[in-house]
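Numbering (the working numbering), first residue to last: 829 to 1149.
Ideal placement from N, C-alpha and C gives every residue a C-beta, glycine not left out.
These numbers come from a predicted model, not from an experiment.
Report on the structure given below.
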Ligand code: SF4
């Protein structure tokens, strides 16, 4: 079968949400010199369901560092030795100022905290603040119970982020202080109260394509609304080496996730500037339809203005624009 016929078949199966394990193997084995054909296929699937619309968001790290958990990639873990600012919960006025900025740039605003979870009192404070913030609000505050998710929902939060980080089989190599299943249960509790869920992870942590495929299938099985994908930024003092993946391999992974989950938002987060550099625009042509804009939790990004220029140049527009 020619490479074009293979791509046509994948397109048909993808739009009908019928990509199976052997199709995933076909995508993974796609020859590097013919990747433009795979990207065109993923791009057409993206356009079919999202047209020219992309879904960015902006993050605010409202509590940073000194985390009890031992995630190998994370500079905020007290088990690692990265130099990171330790900061208690941000004041209400600071959060409202950041939310206003995001609103002016037509960006959903997501409050993110380090640590296994915020306390119930801290969640109550954040909810009171978020009620006074404009625009679309998201949160990522750790392993919460159902009542706490309901508090967030009542405060106007529409989407909760909780990443499973990697496949179930590889997770123990990355985190030992909590389990993959605990993360999945948290995702299910957030869904139960009717929050949209944003759940993905990090590529380039030493996982094989087999483990990456498993991760992708597990995300699909969780029926997630938004799938954030990061490309590992190996910060000195954390426990992981820099990824060996080429930019094209990361882009192939983006196409894999798009074709497996044609109607879900595939959002590219940390590491896009670092690993893709001038190829960043290709993210959308490889199937992504979302991105974190401005900067990340402990590393900086290109900035909202540059991101706006990038998507404008590509003829894309923000969902809230
Ligand atoms: S990823 Fe979250 S839970 Fe893990 S160490 Fe970093 S801040 Fe803590």
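Helix, strand or coil for residue 894, going by three-state DSSP, please let me know.
coil
On the criterion of 16 or more Cβ atoms from any shown chain inside 10 Å, does residue 897 qualify as buried, or is it exposed?
buried
Taking residue 1003 as the reference, which of 931, 917, 944, 965 has the closest Cα?
944
Provide the residue(s) that pair with residue 860 in DSSP beta bridges, ordered along the chain.
Per DSSP, none; premise fails for residue 860.
Going by DSSP, what residues sit across from residue 1031 in a beta bridge?
1059
Is the closest heavy atom of the ligand SF4 to the C-beta of residue 892 under 6 angstroms?
no
With hydrogens ignored, establish whether the beta-carbon of residue 895 is closer than 6 angstroms to any heavy atom of the ligand SF4.
yes
Suppose contacts are defined by Cβ-Cβ distances below 7 angstroms. Is residue 1093 in contact with residue 1054 by that definition?
yes
Could you tell me whether any non-hydrogen atom of the ligand SF4 is closer than 6 angstroms to the CB of residue 1046?
no
Is it right to say residue 914 is buried, meaning 16 or more other beta carbons lie within 10 angstroms of its own, or is it exposed?
exposed
Give the range of the alpha helix (DSSP H) segment to which residue 967 is assigned.
Premise fails: residue 967 lies in the beta strand (DSSP E), 965-968, not in any alpha helix (DSSP H).
For residue 942, verify whether its CB is less than 6 angstroms away from any heavy atom of the ligand SF4.
yes
For a quick check, are the C-beta atoms of residue 863 and residue 940 less than 7 angstroms apart?
no
Backbone CA spacing between residue 978 and residue 954 [nearest angstrom]
13 angstroms
How many angstroms separate the CA atom of residue 833 from the CA atom of residue 1116?
23 angstroms
Is the Cβ-Cβ distance between residue 1031 and residue 1062 less than 7 angstroms?
no
In DSSP terms, what residue 987 is bridged to
966, 1024
Measure the Cβ-Cβ separation of residue 959 and residue 917 and say whether it is below 7 angstroms.
no
Among all the DSSP beta bridges, which residues are the ones paired with residue 1118?
883, 1095
Evaluate the contact criterion for the region 1139-1148 versus the region 871-888: three or more CB pairs, one atom per stretch, below 8 angstroms.
yes
Does residue 957 pass the burial test, meaning 16 or more other C-beta atoms within 10 Å, or should it be called exposed?
buried
Residue 993 - partner residues in DSSP beta bridges:
1029
Contacts around residue 1162, its chain only, beta-carbon distance under 7 angstroms, and the 5 residues preceding and following it disregarded
Here the chain covers residues 829 to 1149 and nothing more, so residue 1162 does not appear.
beta-carbon residue 1026 near the ligand SF4 non-hydrogen atom, thresh 6 angstroms
no
Give me the DSSP bridge partner(s) of residue 939.
888, 967
With 16 other Cβ atoms within 10 Å as the buried cut-off, status of residue 904:
buried
Unbroken alpha helix (DSSP H) run spanning residue 1140, endpoints
1132-1141
Put residue 842 into one of helix, strand or coil per three-state DSSP.
helix
So residue 848 is in the alpha helix (DSSP H); what residue range does that whole segment cover?
Looking at the DSSP string, residue 848 is not in any alpha helix (DSSP H), and its letter there is neither H nor E.
Excluding the 5 residues preceding and the 5 following residue 937 in the sequence, name in chain order all residues of the same chain whose CB lies nearer than 8 angstroms to its CB.
885, 886, 888, 926, 927, 930, 931, 961, 963, 964, 965, 966
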